[in-house]
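Participant: Numbering (our numbering), first residue to last: 12 to 788.
Beta carbons: idealized from backbone N, C-alpha and C, even for Gly.
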């Protein structure tokens with residue numbers, strides 16, 4: 012019996028110097044940022060008790076840093092969006108009071124959302140703040156429509172010879188647009204509801220965003236129906252804007268719109284054909300966009316896996332790992348490295364000592380992340396005989412959740428014979444090697460390694476009363492060791508481990524002389540079994556009870572869908588033995604599944620829009636006129652994706668679905684006002700009525716569209732910042748779509764309404780079919 016070190020199953024280093032690395036994992040539901048502060052406080056206490064030559068200054072990776080940066084960036088986007096909203100309102104209204112009334116919807120809606128989140132037990136995080144950032148421009152939409160209509164009616168009332176009571180004018184003006192506001196908001200909320208059916212990672216990401224978005228929009232509706240009229244009755248009667256009329260900007264816009272509509276009414280065919288052509292070109296362009304599951308995150312930390320052949324000694328893995336650290340530290344952006352070689356047997360990602368994981372902390376740099384990763388790969392390529400897999404901590408874990416491997420692309424080959432699987436995997440790797448845009452290509456390390464096989468003589472074992480399990484336990488204790496007791500020294504305890512001496516374990520030829528305890532006494536192992544040196548698999552992996560091997564890779568500089576298309580073409584030509592098959596998993600599979608589900612949900616959303624519009628206007632034709640805004644929004648969205656050089660991801664598709672509801676809002680406001688003019692103000696259906704209605708709704712339509720779009724600018728222009736990566740594609744799609752739908756709606760909707768809506772208007776204004784939206788003015 013002697014004191015000695017335990018069996019070493021791994022090693023660690025920081026900046027290529029020996030170290031001990033402690034990983035702290037939070038419990039589900041714990042606040043990451045708050046817990047990190049507590050851990051740092053505990054670490055500060057620990058430092059006081061450390062020996063002088065021991066330091067604990069290196070925190071290699073804190074998820075809290077990424078979370079804090081992400082939250083700060085989204086908060087900045089919220090602030091900047093609110094500033095842009097204020098600028099737009101002042102530019103159009105040129106009146107501080109009306110601007111303040113409209114802006115009141117933002118803080119009140121955010122407070123209401125926070126209260127709902129508190130009641131639901133939801134936290135404030137990047138995605139919930141992202142929902143508010145996407146919605147912030149829309150929060151004032153209902154209030155803007157209400158305030159603008161009240162202001163316009165007050166101006167008209169001031170010009171009357173016998174003005175009505177101000178309170179009556181405000182009540183009537185609010186009632187005039189109330190139904191339109193309610194139905195427009197219902198549609199905006201309705202189209203987002205199906206997205207709550209998203210499952211998997213995408214569902215976990217976008218559900219908090221959706222809750223924040225929907226709750227804030229509903230809160231803004233409540234504010235516009237209650238607080239806005241009350242503030243208007245208090246602040247607007249004495250406002251100077253009533254006497255001043257429209258602002259200079261609005262007058263110029265109305266003059267331009269008058270000329271544009273005058274030309275459009277004379278040339279309706281050219282207007283409609285041009286709009287249709289734009290929509291067709293946009294729709295035809297969609298299949299040519301690259302595809303991805305989710306946008307790349309900017310975590311500020313890189314995870315590098317250096318993989319040696321299984322069976323490599325820990326000392327050799329350590330040596331290679333140290334070389335890898337020093338090579339990466341030569342890259343200017345690398346701040347520090349933390350290496351773990353090998354993983355504990357009970358680790359959730361247990362690995363042998365041939366496997367090294369290095370966390371690389373990066374400095375802020377003007378160089379792109381892809382350029383830095385290319386430099387890291389070039390440095391590691393100088394080490395022969397290793398496989399490298401580079402990603403980011405959170406991204407790697409997402410990949411592992413999707414496919415069971417830490418890579419973006421996972422090609423899984425299933426079959427029964429391990430030798431055949433290894434051969435097929437090497438064939439697949441060779442065919443994939445020439446595909447552009449693929450990097451870190453490698454075959455999962457399923458190889459033959461030296462092994463000792465124990466071939467039991469069952470008759471002899473039965474004679475001595477031994478089973479195979481008992482014999483296996485004896486050998487495991489002899490070679491691996493077994494804890495049989497503990498020795499205590501004060502507050503410290505030490506395991507007493509029983510195992511064969513090093514000389515015996517190093518000479519396999521002598522294993523037959525090991526004495527095995529049996530009911531009949533001690534018996535040499537050679538009487539019970541034959542010990543044979545051979546080779547066998549280091550690991551056997553299965554999915555759904557079937558043996559499999561994985562060819563894995565990452566992407567660089569090219570979209571995943573295009574790469575997978577080439578992979579499928581290359582591997583489709585492989586001759587597979589009977590009973591063997593290939594599946595394509597990872598982000599590609601998740602993107603396909605999520606894309607199909609979102610497409611179905613989009614159809615549900617469109618159906619919901621149609622039902623709501625038909626029930627409100629009691630006309631299929633009017634509903635279709637309004638829904639014509641949706642394909643016009645597609646034009647700008649496609650152009651925005653192309654100009655920003657993006658791929659179609661799940662985030663982009665969520666943006667498209669959200670846009671369908673927002674795009675319908677302008678049409679509702681416009682068509683509702685056309686009907687109001689005919690029904691309550693004595694206008695006859697014709698170009699003059701449509702022109703008047705379009706001009707009177709020009710200001711609220713442009714304001715609501717511009718504030719909703721420009722509030723997204725902070726997310727559009729800085730999409731690479733932490734926290735904005737997943738919001739950026741959503742914002743780009745909505746921003747582009749709002750721009751095109753607003754511009755085209757200004758021209759196309761009046762022209763189409765004039766051409767096809769006469770009979771629908773006549774039925775809607777028929778006394779036998781009274782409409783629900785009334786006013787006393």
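Who pairs with residue 592 in a beta bridge, going by DSSP?
Facilitator: Within the chain shown, residue 592 is the residue found at index 581, counting from 1. Bridge partners of residue 592: 425.
Participant: For residue 791, collect the residues of the same chain with a Cβ closer than 6 angstroms to its Cβ; drop the 5 residues on either side in sequence, then sort them by chain order.
Facilitator: Because the chain in this structure spans residues 12 to 788, residue 791 falls outside the shown range and cannot be described.
Participant: With DSSP as the reference, please indicate the residues paired to residue 564 in a beta bridge.
Facilitator: Along the chain shown, read from residue 1 onward, the residue named residue 564 stands at position 553. Partner(s): 420.
Participant: According to DSSP, residue 449 sits in a beta bridge with which residue or residues?
Facilitator: Position 438 of the chain shown, counted from the start, is the residue given in the question as residue 449. According to DSSP, residue 449 bridges with 566.
Participant: In chain order, which continuous runs of the alpha helix (DSSP H) of length 4 or greater are located wholly inside the segment 238-321?
Facilitator: Taking only runs of at least 4 residues, the alpha helix (DSSP H) segments lying wholly in the segment 238-321 are 252-255, 259-277, 279-296.
Participant: Report the rounded CA-to-CA distance for residue 485 versus residue 214, giving the unit in angstroms.
Facilitator: Taking the first residue of the chain shown as 1, we reach residue 485 at position 474. Taking the first residue of the chain shown as 1, we reach residue 214 at position 203. Going by the C-alpha atoms only, they are around 50 angstroms apart.
Participant: Please classify residue 427 as buried or exposed, where buried requires at least 16 neighbouring CB atoms within 10 angstroms.
Facilitator: As a position in the chain shown, residue 427 is number 416, starting the count at 1. Burial call: exposed.
Participant: Could you round the C-beta distance between residue 454 and residue 401 to whole angstroms and report it? I think they count as a contact, below 8 angstroms.
Facilitator: Along the chain shown, one-based indexing puts residue 454 at 443. Along the chain shown, one-based indexing puts residue 401 at 390. Actually they are not in contact, since the Cβ atoms of residue 454 and residue 401 sit about 17 angstroms apart, beyond 8 angstroms.
Participant: Using CA atoms only, rank isn't needed, just tell me which of 706, 205, 738 is closest to residue 264.
Facilitator: Counting from one through the chain shown, the residue named residue 264 turns up at place 253. Nearest option by C-alpha distance: 706.
Participant: Output the distance between the C-alpha atoms of residue 236 and residue 672, rounded to the nearest integer angstrom.
Facilitator: Position 225 of the chain shown, counting from 1, holds the residue named residue 236. Position 661 of the chain shown, counting from 1, holds the residue named residue 672. Residue 236 and residue 672: Cα-Cα distance of roughly 20 angstroms.
Participant: With DSSP as the reference, label residue 542 as helix, strand or coil.
Facilitator: Counting from one through the chain shown, the residue named residue 542 turns up at place 531. Residue 542 falls in the strand class under three-state DSSP.
Participant: In terms of residues, what are the limits of the beta strand (DSSP E) holding residue 469?
Facilitator: Within the chain shown, residue 469 is the residue found at index 458, counting from 1. Looking at the DSSP string, residue 469 is not in any beta strand (DSSP E); the run it does join, the alpha helix (DSSP H), is 469-474.
Participant: Using 8 angstroms as the threshold, is the segment 374-384 in touch with the segment 524-543, meaning 3 or more CB pairs across them?
Facilitator: no
Participant: How is the beta strand (DSSP E) around residue 723 delimited, first residue to last?
Facilitator: As a working mapping, residue 723 is identified with position 712 in the chain shown. Counting along the chain, residue 723 falls outside any beta strand (DSSP E), and DSSP gives it neither H nor E.
Participant: For residue 460, which beta-bridge partners are listed by DSSP?
Facilitator: In the chain shown, residue 460 corresponds to position 449, counting from 1. Beta-bridge pairing links residue 460 to 547.
Participant: Do you know how far the Cα of residue 296 is from the Cα of residue 559?
Facilitator: Against the chain shown, residue 559 aligns to sequence position 548. Against the chain shown, residue 296 aligns to sequence position 285. In a straight line, the C-alpha of residue 559 is about 38 angstroms away from that of residue 296.
Participant: Identify the continuous beta strand (DSSP E) that holds residue 400 and give its terminal residues.
Facilitator: On the chain shown, residue 400 is found 389 positions in, with the first residue counted as 1. First-last of the beta strand (DSSP E) with residue 400: 398-402.
Participant: Since residue 626 is in the alpha helix (DSSP H), which residue starts that stretch and which ends it?
Facilitator: Translated into positions along the chain shown, residue 626 becomes position 615. Its alpha helix (DSSP H) spans residues 598-628.
Participant: If contacts are defined as beta-carbon pairs under 8 angstroms, then residue 353 and residue 59 qualify, I think. What distance do you get, rounded to the angstrom?
Facilitator: Residue numbering aside, residue 353 sits at position 342 when the chain shown is read from its first letter. Residue numbering aside, residue 59 sits at position 48 when the chain shown is read from its first letter. No, residue 353 and residue 59 are not in contact; Cβ-Cβ is about 31 angstroms, not under 8 angstroms.
Participant: Check whether the segment 427-437 and the segment 500-515 touch, using three or more Cβ-Cβ pairs below 8 angstroms as the test.
Facilitator: Contact fails: fewer than three Cβ-Cβ distances are below 8 angstroms.
Participant: Output the distance between the C-alpha atoms of residue 645 and residue 667, rounded to the nearest integer angstrom.
Facilitator: Working through the chain shown from its first residue, we reach residue 645 at position 634. Working through the chain shown from its first residue, we reach residue 667 at position 656. Cα to Cα, residue 645 sits roughly 8 angstroms from residue 667.
Participant: DSSP state of residue 810, grouped into three classes?
Facilitator: Coverage of the chain is limited to positions 12 through 788, which leaves residue 810 absent and any answer about it impossible.
Participant: Is it true that the CB of residue 767 sits closer than 8 angstroms to the CB of residue 746?
Facilitator: The residue labelled residue 746 in the question sits at position 735 within the chain shown. The residue labelled residue 767 in the question sits at position 756 within the chain shown. Not closer than 8 angstroms, so no.
Participant: For the ligand PLP, any of its heavy atoms closer than 7 angstroms to the Cβ of residue 489?
Facilitator: For the structure depicted, the ligand PLP is absent and the ligand set is empty, with no information on it obtainable.
Participant: On the premise that residue 216 lies in contact with residue 737, defined as a C-beta separation below 8 angstroms, what is that separation, rounded to the nearest angstrom?
Facilitator: Taking the first residue of the chain shown as 1, we reach residue 737 at position 726. Taking the first residue of the chain shown as 1, we reach residue 216 at position 205. Yes, they are in contact, since the Cβ atoms of residue 737 and residue 216 sit about 7 angstroms apart, within 8 angstroms.
Participant: When the Cα atoms are used, what is the spatial distance from residue 785 to residue 186?
Facilitator: Numbered from 1 along the chain shown, position 774 holds the residue referred to as residue 785. Numbered from 1 along the chain shown, position 175 holds the residue referred to as residue 186. In this predicted model, residue 785 has a pLDDT of only 42, less than 50, meaning its place in the structure is not dependable; the value taken from the coordinates is given anyway. The C-alpha of residue 186 is placed about 7 angstroms away from the C-alpha of residue 785.
Participant: Quick one: is residue 674 near chain B, going by C-beta distance under 8 angstroms?
Facilitator: Among the chains of the structure shown, chain B does not appear; only one protein chain is present.
Participant: Counting along the chain, where does the beta strand (DSSP E) carrying residue 349 start and finish?
Facilitator: The residue given as residue 349 occupies position 338 in the chain shown. Counting along the chain, the beta strand (DSSP E) containing residue 349 begins and ends at 345-352.
Participant: Taking the Cβ atom as the reference point for each residue, do residue 585 and residue 755 lie within a distance shorter than 8 angstroms?
Facilitator: Here residue 585 is taken as the residue at index 574 of the chain shown, counted from 1. Here residue 755 is taken as the residue at index 744 of the chain shown, counted from 1. No. Outside cutoff.
Participant: Which residues in the same chain have their Cβ closer than 6 angstroms to the Cβ of residue 561, if we skip the five residues on either side of it in sequence?
Facilitator: For the purposes of this step, residue 561 is identified with residue 550 of the chain shown, where counting begins at 1. So the list reads 416, 421, 423, 455, once near-sequence residues are dropped.
Participant: What do you get for residue 681, buried or exposed, if any count of 16 or more other CB atoms within 10 angstroms of its CB means buried?
Facilitator: Walking along the chain shown from the start, residue 681 turns up at place 670. Residue 681 should be labelled buried.
Participant: For residue 15, report the span of its beta strand (DSSP E) as first-last.
Facilitator: One-based indexing of the chain shown puts residue 15 at position 4. Neither: residue 15 is in no beta strand (DSSP E) and is coded neither H nor E.
Participant: Could you tell me which of 633, 629, 375, 447 sits nearest to residue 571, measuring between CA atoms?
Facilitator: Here the question's residue 571 lines up with position 560 in the chain shown. Closest by alpha carbon: 447.
Participant: Taking contact to mean 3 or more Cβ pairs, one atom from each stretch, closer than 8 angstroms, check whether the segment 97-105 and the segment 692-704 are in contact.
Facilitator: no
Participant: Based on Cα-Cα distance, which residue from 741, 770, 762, 772 lies nearest to residue 274?
Facilitator: As a working mapping, residue 274 is identified with position 263 in the chain shown. It is 762.
Participant: Residue 26 to residue 86, Cα distance in whole Å?
Facilitator: On the chain shown, residue 26 is found 15 positions in, with the first residue counted as 1. On the chain shown, residue 86 is found 75 positions in, with the first residue counted as 1. Each residue's alpha carbon lies about 35 angstroms from the other.
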